[in-house]
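Trainee:
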Amino acid sequence: MLTATVSQGTESADDSASSHTIIFVGSEYYPPLESLSEDKLPKGFITDLQYAMANSAGSGIEIKLMRWEDALQSVLDGRADAVALIASKERSEHYDFTEPFYYVAHGLFTHNDSKESVTLADMRSHKVAVVKSAYAKNTLENSGYDVELVLADTELECLKLVSSKEVQACIEVIVTSKSLVENYNLDVKLSSAPFWPRPYAFGVKKGNSKLLEELQSQLAQIIVDGTYSDIYAAWESELEWKPQSFWKSFGQLSWLVGSLLIIISATFVLNTLLRRKVMHKTFQLEEELNNSRALHKKFMFNATHDSTTKLLNRKALFDLLDNRIEKTSDSQKEIFVIAIRITNIISIISVFGYRKAIDIVVSVAKKLSKFEQALSAHFGDGVFVVSTDNQQSVDDIIQILSDHSDLDSNQIYPVPVIGVYEFAIAPEEKPPRSSELVRKAITAMNYAERKHILVADYSPDIEPDSRNLKLLSDFYKVGCDQFVLHYQPQIDVKSGTITHVEALIRWQHPTLGMVSPYLFIPLLEESGNINRVTRWVIQEVISFINSHKPQTDNIMFSVNITTRDLVDDSFVEFVREVVEDVETNCLIFEVTESELLEEKDKAKWVMLELESLGISCAADDFGTGYSSLSYLNDLSVDEVKLDRSFIMSLHKNDRTHKIVSSTIDLAHALGLVVVAEGVEDKETYQVLSDLKCDRIQGYLISKPVPGKDVLPLLGVVPEF
Ligand code: C2E
Ligand code: CA
Ligand code: CA
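FYI, in our numbering the residues of the sequence shown are 585 to 1304.
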């Protein structure tokens, strides 16, 4: 029998059991806990709690008040979801309860005419009214009290039976019946001390644990956030009514017990809340952990991979290869290490720019990454190292790198050189380090490049080591004593006369003969001996100038220096002292363009100081490095020397012609002098002269020659 409903939220009542609208039922005669207002809307302490709970969870809610028996039944047969009730052992057979949120006690209500105070014992053999399905009814039935039970449909009806003296008394929850008596002006009073204090909780149909947990958590929420207290405070005057003295003491007692219950419930619900929070936090942490795992993975990837090609980087390859060597060493296997250099990468950069060069490098990386079993790394600057234990893969890699059928004929393609080192692991021997295997593959690769062949296999006799070691140990023995300087003249294009010479070092070795600087300069540079050599060259040049006056007057002498000299703190001081020995400014220092820009910051200040000492600076090998004229301008460079590789193909290649022509124009616009080196024929000379190149050096004019042989050329117009 439905007497009144009210709902809130978006969803319909029909699907409420499975959705988020919770249908609460209750008795319509249970003020101030729940009852109907004048306009038939549910109101009361419990009603307010239910709204607050729904609010806290953002769920829909519907409240239907009716006869108590119907209310209890509608939860059992699924027409409603929950009911606020006394939690008892008997009821727990059909209902599951939340933690209690309130506390009720029972009392005997008698007619106003009856005596002041009665007890349950006084009711023996008397008619006592109870509400159908009420806690009091069940308890009386089960406890064996000798009373005649009269069943009423509602709490109000129960009291009316007392008022009309049809029964001696009724047993009811005190707080609600007291309100009913007042509200309906009944001739009824509370005549007993409170008994059967019982917890009040929300009940759901037994087994509906999902809903139970939901209600539990909503309840927890409103207790924790203070809403419960606010609602209690709002109903306090009706929940705790005075003025009877015995009630006062009960009130205190009930409050004590009530508070205890609330504390216990709060602890429980706090626990539930905490558990939820912990679950939520765990979820969050897991998510964070996943994120940080992903980040770590990315970080690890970046730390072990080359950013351009996404292949392994140098360090990762060494580590993984070491690992492989260790693992393979038991089973006596072969390991192949392949080193690959894209030889035309520098010229691609200078002709087409970095973007194109990166594309080329990436295209090679893509081809290599197809060999999934192999370890493939990019060491930078178009140098790749691959390791595999499969001979077929080696052949396939060589094949795939030299095959450009995927490109059309006018596309630029990578020109590789390849070195292969095949290593058989012997179980008894100490396995080699990966770096040693890679070094040998690179040695083979360098050999292939020198010999202008595509592939070379490593063998001990291509090791340059022995000679290098000998040169180095000889240098430690004799220092600069066996060095000689050769001089190569430069012609001033406008006047046609020799105005400049470049000093070029040679090693007059007692057993190896005349050794090229290409062999020993890098060696001395790497071993940290170049500063000594540079100083020797500068002193030698100055003494040459001074001892061959007047031929050397007005002739400028170029000396090759390295960035190791520029960054050497005592270099400028050394130069300052030695230039005091020469009368006029006659020195030009040549530094390769790429080195200059790599040490740009330091170089800038040193070059300014050199300038103040009257020394000019030239950017050597221009075109093979960054080819950045504007940078050079910043560095107080006075001249650029166009690299031999450009000059050689100048009159054969249109593109080179354009590059050289525009470089000369731009250099001039920036106030730089342009020198071309490696000029071997008249045609090239003519082209450069037409392009307004300032000076020319090369075999056409003269090879580098000993000092005594260059003297006759100085200041003259040579014939060629
Ligand atoms: P570089 O400074 O670029 O010197 C020019 C090189 O080109 C010289 O080789 C020279 O002999 C060579 N060359 C000149 N004209 C022609 C030509 O028409 N055709 C051909 N094919 N080659 C020509 P060199 O003397 O063997 O020197 C090689 C490199 O060694 C030099 O390149 C320079 O980088 C370095 N070097 C030479 N002397 C010294 C030195 O005293 N100190 C330092 N740090 N490096 C030096
Ligand atoms: Ca030079
Ligand atoms: Ca050069």
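We put the CB at the ideal spot given by N, CA and C, even for glycine. Quantities reported herein were computed from a predicted structural model and do not represent experimental measurements.
Considering only residues of the region 711-799, which uninterrupted alpha helix (DSSP H) runs meet the minimum length of 4 residues and lie entirely inside it, listed in chain order?
Mentor: 719-727, 739-747, 758-767
Trainee: Have a look at Thr1176 and Ala1203 and give me their C-alpha separation to the nearest angstrom.
Mentor: 5 angstroms
Trainee: Here's a check: name, in chain order, each residue in its chain whose Cβ is nearer than 8 angstroms to the Cβ of Asp598, leaving out the five neighbours to either side.
Mentor: With a pLDDT of only 41 at Asp598, under 50, the local geometry of the prediction cannot be trusted, and no value is derived from it.
Trainee: From the DSSP output, which residues share a beta bridge with Asn897?
Mentor: Assignment of beta-bridge partners to Asn897 by DSSP yields no partner.
Trainee: Would you mind reading off the limits of the alpha helix (DSSP H) that contains Gln1270?
Mentor: 1266-1274
Trainee: Can you tell me whether Asn1052 sits near ligand 1, meaning its C-beta is under 7 angstroms from at least one heavy atom of the ligand?
Mentor: no
Trainee: From the DSSP output, in three-state form, read off Gly1291 for me.
Mentor: When DSSP states are grouped into helix, strand and coil, Gly1291 belongs to the helix group.
Trainee: For Phe955, name the three-state secondary structure that DSSP assigns.
Mentor: coil
Trainee: Helix, strand or coil for Gln828? Go by DSSP, reduced to three states.
Mentor: Low local confidence applies: a pLDDT of 46 at Gln828 is under 50, so the model's placement there is unreliable, and no value is given.
Trainee: Whose beta carbon lies closer than 5 angstroms to any heavy atom of ligand 3, going through the chain in order?
Mentor: Asp1204, Asp1205
Trainee: With distances taken from CA atoms, which of Cys1170, Asp697, Gly1080, Ile1145 is nearest Glu1109?
Mentor: Ile1145
Trainee: Please state whether DSSP places Tyr812 in a helix, a strand or coil.
Mentor: helix
Trainee: With distances taken from CA atoms, which of Val788, Leu1254, Thr1268, Asn974 is nearest Glu655?
Mentor: The question names Glu, but residue 655 in the sequence shown is Ala. Residue Val788 is the option with its Cα nearest to Ala655.
Trainee: Which whole runs of the beta strand (DSSP E) in the region 1148-1177 are 3 residues long or more, in chain order?
Mentor: 1171-1176
Trainee: Where does Leu770 land, buried or exposed, given buried means 16+ other C-beta within 10 angstroms?
Mentor: buried
Trainee: Between the Cα of Val921 and the Cα atoms of Ser960, Glu824, Glu1012, which residue gives the shortest distance?
Mentor: Ser960
Trainee: What whole-angstrom Cβ distance do Asp1207 and Phe1173 have, given they're in contact under 8 angstroms?
Mentor: The sequence shown places Gly at residue 1207, not Asp. Not really, about 19 angstroms apart at Cβ, beyond 8 angstroms.
Trainee: Quick check: the region 637-656 against the region 756-773, are at least 3 beta-carbon pairs closer than 8 angstroms?
Mentor: Touching, no, given that fewer than three Cβ pairs across the two stretches are closer than 8 angstroms.
Trainee: If I follow the unbroken beta strand (DSSP E) through Asp1065, where does it start and stop?
Mentor: Here Asp1065 belongs to no beta strand (DSSP E), and DSSP marks it neither H nor E.
Trainee: So, for Ser829: in the same chain, excluding its five sequence neighbours on each side, which residues have a beta-carbon less than 6 angstroms away from its beta-carbon?
Mentor: With a pLDDT of 48 at Ser829, under the threshold of 50, the modelled position of this residue cannot be trusted; read the value that follows with caution. Nothing listed; no residue qualifies.
Trainee: What does the alpha-carbon distance come out to for the pair Pro684 and Val853?
Mentor: Roughly 10 angstroms between the two C-alpha positions.
Trainee: How would you call Trp560, buried or exposed, if buried means at least 16 neighbouring beta carbons within 10 angstroms?
Mentor: The shown model of the chain, from 585 to 1304, leaves out residue 560, and the question about it has no answer.
Trainee: So, using beta-carbon positions, are Val734 and His710 closer together than 8 angstroms?
Mentor: no
Trainee: Return the Cβ separation of Ile1126 and Thr1083 in integer angstroms, given the expectation that the two are a contact with Cβ distance under 8 angstroms.
Mentor: Their Cβ separation, rounded to whole angstroms, is 18 angstroms, which puts Ile1126 and Thr1083 out of contact at 8 angstroms.
Trainee: Rounded to the nearest angstrom, what separates Tyr1168 and Val1085 at their Cα positions?
Mentor: Residue identity differs from the one stated: residue 1168 is Thr in this sequence, not Tyr. If you take the alpha carbons of Thr1168 and Val1085, they lie about 16 angstroms apart.
Trainee: Quick test of your reading: Arg1279 and Gln1074, contact by CB under 8 angstroms. State the CB separation rounded to the nearest angstrom.
Mentor: 5 angstroms
Trainee: Do three or more CB pairs link the region 861-876 to the region 932-941 at distances below 8 angstroms?
Mentor: no
Trainee: Only counting the same chain, and skipping five residues up and downstream in sequence, which positions put a Cβ closer than 6 angstroms to that of Ile609?
Mentor: Note on residue identity: the sequence assigns Val, not Ile, to residue 609. Correct list, in chain order: Lys648, Ala655, Ser658, Ala664, Val667.
Trainee: Given that a residue counts as buried once 16 or more other Cβ atoms are within 10 Å of its Cβ, and exposed if not, what is Glu677?
Mentor: exposed
Trainee: Check whether the Cβ atoms of Leu942 and Pro998 sit closer than 8 angstroms, and answer yes or no.
Mentor: Correcting the residue type first, residue 942 is Ile in the shown sequence and not Leu. Taking 8 angstroms as the Cβ cut-off, Ile942 and Pro998 do not qualify as a contacting pair.
Trainee: Does the Cβ of Val1062 have 16 or more other Cβ atoms within 10 Å, making it buried, or fewer, making it exposed?
Mentor: exposed
Trainee: Where do the N-terminal and C-terminal ends of the alpha helix (DSSP H) with Thr703 fall, by residue?
Mentor: Per DSSP, Thr703 belongs to no alpha helix (DSSP H) and is neither H nor E.
Trainee: For chain E, find out if any of its Cβ atoms is closer than 8 angstroms to the Cβ of Gly610; answer yes or no.
Mentor: The structure shown contains no chain E; it holds only a single protein chain.
Trainee: Shorter than 7 angstroms, the distance from the beta carbon of Glu1177 to the closest heavy atom of ligand 2, or not?
Mentor: no
Trainee: Let me confirm a value: Pro1094 is counted as buried when at least 16 other C-beta atoms fall within 10 Å, else exposed. Which label applies?
Mentor: exposed
Trainee: If Phe629 sits next to Trp819, beta carbons under 8 angstroms apart, how far is it from one beta carbon to the other, in whole angstroms?
Mentor: 4 angstroms
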